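Colleague: There's a structure below that I have some questions on.
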């Protein structure tokens, strides 16, 4: 395990203890900058990520490393490198099954009911910042599996966007290794993938046909304004790289893109606190999401 | 609940054999549970823990488990220190109450029950601290006790209550809905009566009585509101009654939340997402602790016999 390796190489136990108060400061810094939060019990995860960076920089103690993150000339670069470390390994399919459960059990039945009442049959999903495509592929499998059950009589489309051309190319090719598929059941692999060389699988035509990949810069206001009528936005571990002002703007665009009653899903430990107060935080079993309230709920003055 | 049903329920709870023969340490323990932690003498806790060989053995085993750092503690006192007063108090309470309930009367699995109760205790206390409620200890206790009515219903109405749980689990809906439907009252009603009988303060009784009734909460006092919210949060984090509920909860528009905001303006600016992530971390630990304690206690008598024969438990104060 790389974290363990880092611990050993660094040597003294004091260096590797997540209890070092400097880690609390790093935790708060990361939260302020990115919205990603580590609870006390999860600090060891953060310290593991920091230790890999400390090793690279030969920083001896967490508080030296805190210096690299705050007061050195290249602290912004270091912050970004740490954020990269933090999100490594986050991207595999079905990483957060609770999100799909919330969709299946609560959110989609609600939305289908509201839409059904006015004769609308199409559900629209948007994976904003889809990176190499694990999330939209998992979502597509989940929705295809619900096609004759929850989604009987409805259709759906998935828009998946990213700024990075290389990521998009990988996403479009749909070729994944064991890591990306670690939580994908044999039945789903069988149904939606085909072999693609050593230890790899490629999304089949049926799965690919469900997703429209496009290049989009979330900071491009003009293009963002064009996204309308979306029911569900996924934007996991993307906003963490934005400064507060851009983050607020992007989130406000999501808000405008969503239909009333629609939801925004962020990464597991991400929060919108202090970024936007139009959305309402909703708790589901094992996960949380942000609701765009309906006009009636807003008029009710509830917050 | 009509008056006749209420009178009937009250008299049945009064005559409940298993509660009246509760272990002798339950009374001093309940007194101690209501004290703020700085007023508790560690010797007193050690004395209570040592009173029962199997409980003492349980605490030692837990303190020595990987969960708490795989140590080699040999005295009850060192185990109590390692676990922390708060954890010891609630474990002690759990084990004592468990002892009063015959094995075949458990409808909700003891592990699920204590995960939920201890989860609620912790969340209620943390939330109380956030809003600067003056008695966080009392908040902890309110969370720990709020569902005692579930145990009353298990003992007095075992089969009917089993049916409530079955239907609730099958439909993934809150349990109290089916209690109301099948029993004609809920664990809030029976919990209220038991808490009154055990002489708890009015606020604690209110928390047990009102935590599911949104219409009563705005006037039930802050403690009942805190317990209601903690109960919801725990159920949204897989610390419910042992089955999955299908729920989406917007706490911000909850009546109890709004009643609390009126009293404690700090709540309005609370970072609820961060609070949730904080308790997520704590809940994993609670689940592991309860599993360690209560999966052993399922074989409670065995443990007790083992402790008695090995004589591994020593008291030092």
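Chains as they are written, first to last, in the numbering used here: chain F, 999 to 1301; chain D, 62 to 378. Glycine included, every Cβ here is placed at the ideal spot set by N, Cα and C. Given the structure is predicted, the values throughout are model-derived calculations rather than measurements.
1. Would you say residue 1040 of chain F reaches chain D, if we count a Cβ-Cβ gap shorter than 8 angstroms as a contact?
2. Kindly confirm or deny that the stretch 1189-1209 of chain F and the stretch 1131-1147 of chain F touch, where touching means at least three C-beta pairs closer than 8 angstroms.
3. Going along the stretch 325-342 of chain D in order, which residues come within less than 7 angstroms of chain F, judged by CB to CB distance?
4. For chain D, check one thing: does any of its Cβ atoms lie closer than 8 angstroms to the Cβ of residue 1015 of chain F?
5. Residue 1104 of chain F touches chain D at which residues, Cβ-Cβ below 9 angstroms?
6. According to DSSP, is residue 1201 of chain F part of a helix, a strand, or is it coil?
7. Return the chain-ordered ranges of every beta strand (DSSP E) run that is complete within the stretch 1179-1267 of chain F and spans a minimum of 3 residues.
8. Should residue 250 of chain D go down as buried or exposed, given a rule of 16 or more other Cβ atoms within 10 Å for buried?
9. Starting from residue 1094 of chain F, find everything on chain D with Cβ-Cβ shorter than 8 angstroms and list it in chain order.
10. Distance cutoff 8 angstroms, beta carbons only. Does residue 999 of chain F sit that close to anything in chain D?
11. I think residue 1282 of chain F touches residue 297 of chain D, with their Cβ atoms under 8 angstroms apart; what is that distance to the nearest whole Å?
12. In chain order, what residues of the same chain have a beta carbon less than 6 angstroms from the beta carbon of residue 327 of chain D, not counting five sequence neighbours either side?
13. Just verifying my parser: in three-state terms, what is the DSSP assignment at residue 175 of chain D?
14. Can you tell me which of the three DSSP states residue 1135 of chain F falls into?
15. Hey, residue 180 of chain D and residue 269 of chain D are a contact pair by Cβ (cut 8 angstroms); roughly how many whole angstroms apart?
16. Nearest chain F C-beta to residue 292 of chain D closer than 8 angstroms, yes or no?
17. The stretch 1282-1293 of chain F: which residues have C-beta closer than 7 angstroms to a C-beta of chain D, in chain order?
18. Just reading off the alpha helix (DSSP H) that residue 1150 of chain F is part of, what are its end residues?
19. Please state if the CB of residue 1121 of chain F and the CB of residue 1154 of chain F are separated by a distance shorter than 8 angstroms.
20. So which residues on chain F does residue 312 of chain D lean against when the C-beta distance must stay under 8 angstroms?
21. Just checking residue 159 of chain D against the ligand PLP - is the residue's beta carbon closer than 7 angstroms to any of the ligand's heavy atoms?
22. Between the Cα of residue 265 of chain D and the Cα atoms of D:273, D:274, D:282, which residue gives the shortest distance?
23. Quick check: the Cα distance between residue 1160 of chain F and residue 1289 of chain F, rounded to an integer number of angstroms?
24. Nearest by alpha-carbon distance to residue 155 of chain D: which of D:170, D:142, D:225 is it?
25. For chain F, is any of its Cβ atoms less than 8 angstroms away from the one on residue 346 of chain D?
26. Figure out for me which residue from F:1167, F:1158, F:1111, F:1171 has the closest Cα to the Cα of residue 1151 of chain F.
27. I'd like to know whether the C-beta of residue 1035 of chain F is nearer than 8 angstroms to at least one C-beta of chain A.
28. Could you tell me the alpha carbon to alpha carbon distance between residue 1170 of chain F and residue 1179 of chain F, rounded to whole angstroms?
29. With contact counted as at least three CB pairs below 8 angstroms, one residue from each stretch, are the stretch 214-230 of chain D and the stretch 156-169 of chain D in contact?
30. Determine the closest residue to residue 1214 of chain F out of F:1264, F:1077, F:1224, with distance taken between C-alpha atoms.
31. Note down, in chain order, every chain D residue with its Cβ under 7 angstroms from the Cβ of residue 1267 of chain F.
32. If we call anything under 8 angstroms between Cβ atoms a contact, is residue 289 of chain D one with residue 252 of chain D?
33. Measure the Cβ-Cβ separation of residue 1130 of chain F and residue 1085 of chain F and say whether it is below 8 angstroms.
34. What in chain F is Cβ-close to residue 304 of chain D, meaning under 9 angstroms?
35. Residue 1100 of chain F touches chain D at which residues, Cβ-Cβ below 8 angstroms?
36. Determine which residues of the stretch 269-303 of chain D have a Cβ less than 9 angstroms from any Cβ of chain F, and write them out in chain order.
Modeller: Here's the rundown:
1. Position 42 of the first chain, counted from the start, is the residue given in the question as residue 1040 of chain F. It does; some Cβ of chain D falls within 8 angstroms.
2. Yes, since at least three Cβ pairs between the stretch 1189-1209 of chain F and the stretch 1131-1147 of chain F fall closer than 8 angstroms, the two stretches touch.
3. Residues of the stretch 325-342 of chain D with a C-beta atom less than 7 angstroms from some C-beta of chain F are 332, 333, 334, 335, 337, 338, 339, 341, 342, listed in chain order.
4. To locate residue 1015 of chain F, count along the first chain from 1; it is residue 17. It does not: the Cβ of residue 1015 of chain F has no partner Cβ on chain D nearer than 8 angstroms.
5. Counted from its first residue, the first chain places residue 1104 of chain F at position 106. By Cβ distance, chain D contributes 307, 308, 309.
6. Against the first chain, residue 1201 of chain F aligns to sequence position 203. The answer is strand: DSSP assigns residue 1201 of chain F an E or B state.
7. Entirely contained in the stretch 1179-1267 of chain F, the beta strand (DSSP E) runs reaching 3 residues are, in chain order, 1191-1193, 1199-1201, 1209-1213, 1228-1233, 1256-1264.
8. Looking up residue 250 of chain D in the second chain gives position 189. So residue 250 of chain D ends up on the buried side.
9. Taking the first residue of the first chain as position 1, residue 1094 of chain F is located at position 96. Chain D residues near residue 1094 of chain F: none, gap ~13 angstroms exceeds 8 angstroms.
10. Taking the first residue of the first chain as position 1, residue 999 of chain F is located at position 1. Model confidence at residue 999 of chain F stands at a pLDDT of 37, short of 50, so the residue's coordinates are unreliable and nothing is read from them.
11. By 1-based counting over the first chain, the position of residue 1282 of chain F is 284. By 1-based counting over the second chain, the position of residue 297 of chain D is 236. Here residue 1282 of chain F really is in contact with residue 297 of chain D; their C-beta atoms are around 7 angstroms apart, less than 8 angstroms.
12. Indexing the second chain from 1 puts residue 327 of chain D at position 266. Result list for residue 327 of chain D: 192, in chain order.
13. By one-based count along the second chain, residue 175 of chain D stands at place 114. Secondary structure at residue 175 of chain D: helix, using DSSP grouped into helix, strand and coil.
14. Mapped onto the first chain, residue 1135 of chain F falls at position 137. In the structure shown, residue 1135 of chain F sits in a helix (DSSP, three-state: H, G or I).
15. Numbered from its first residue, the second chain carries residue 180 of chain D at position 119. Numbered from its first residue, the second chain carries residue 269 of chain D at position 208. In this structure residue 180 of chain D is not in contact with residue 269 of chain D, their Cβ atoms being roughly 16 angstroms apart against a cut-off of 8 angstroms.
16. The count along the second chain starts at 1 and reaches residue 292 of chain D at position 231. Chain F, which has no Cβ nearer than 8 angstroms to the Cβ of residue 292 of chain D, makes this no.
17. Listed by position along the chain: 1282, 1283, 1284, 1286, 1289.
18. In the first chain, counting from the first residue as 1, residue 1150 of chain F sits at position 152. In the DSSP assignment, residue 1150 of chain F falls outside any alpha helix (DSSP H), carrying neither H nor E.
19. Working through the first chain from its first residue, we reach residue 1154 of chain F at position 156. Working through the first chain from its first residue, we reach residue 1121 of chain F at position 123. In this structure, residue 1154 of chain F places its C-beta atom within 8 angstroms of the C-beta atom of residue 1121 of chain F.
20. On the second chain, position 251 is the one that residue 312 of chain D refers to. Correct list: 1279, 1281.
21. Only the bare structure without any ligand can be found here, which leaves the ligand PLP out of the picture.
22. Your numbering for residue 265 of chain D matches position 204 in the second chain. It is D:282 whose Cα lies nearest to the Cα of residue 265 of chain D.
23. Taking the first residue of the first chain as 1, we reach residue 1160 of chain F at position 162. Taking the first residue of the first chain as 1, we reach residue 1289 of chain F at position 291. The alpha-carbon of residue 1160 of chain F is positioned some 23 angstroms away from that of residue 1289 of chain F.
24. For the purposes of this step, residue 155 of chain D is taken as the residue at position 94 of the second chain. For residue 155 of chain D, the closest C-alpha among the options D:170, D:142, D:225 is that of D:170.
25. If you number the second chain from 1, residue 346 of chain D lands on position 285. Chain F, which has a Cβ nearer than 8 angstroms to the Cβ of residue 346 of chain D, makes this yes.
26. Within the first chain, residue 1151 of chain F is the residue found at index 153, counting from 1. Among F:1167, F:1158, F:1111, F:1171, the Cα nearest to that of residue 1151 of chain F is on F:1111.
27. No chain A is part of this structure, whose protein chains are labelled F and D.
28. In the first chain, counting from the first residue as 1, residue 1170 of chain F sits at position 172. In the first chain, counting from the first residue as 1, residue 1179 of chain F sits at position 181. One C-alpha to the other measures close to 16 angstroms.
29. With a cut-off of 8 angstroms, the stretch 156-169 of chain D and the stretch 214-230 of chain D count as touching, because enough Cβ pairs lie within range.
30. If you number the first chain from 1, residue 1214 of chain F lands on position 216. Looking at the Cα atoms, F:1224 is the closest of the given residues.
31. The count along the first chain starts at 1 and reaches residue 1267 of chain F at position 269. Neighbours of residue 1267 of chain F in chain D, taken as residues whose beta carbon is under 7 angstroms from its own, are 338 in chain order.
32. As a position in the second chain, residue 289 of chain D is number 228, starting the count at 1. As a position in the second chain, residue 252 of chain D is number 191, starting the count at 1. Contact flag unset, no.
33. The count along the first chain starts at 1 and reaches residue 1130 of chain F at position 132. The count along the first chain starts at 1 and reaches residue 1085 of chain F at position 87. No, the pair does not count as a contact, with Cβ atoms beyond the cut-off.
34. For the purposes of this step, residue 304 of chain D is taken as the residue at position 243 of the second chain. Identification of chain F residues near residue 304 of chain D by a Cβ-Cβ cut-off of 9 angstroms yields none; the smallest Cβ-Cβ distance measures about 11 angstroms.
35. Here residue 1100 of chain F is taken as the residue at index 102 of the first chain, counted from 1. Correct list: 309.
36. If the cut-off is 9 angstroms between Cβ atoms, the stretch 269-303 of chain D has 293, 294, 296, 297, 298, 299, 301 near chain F.
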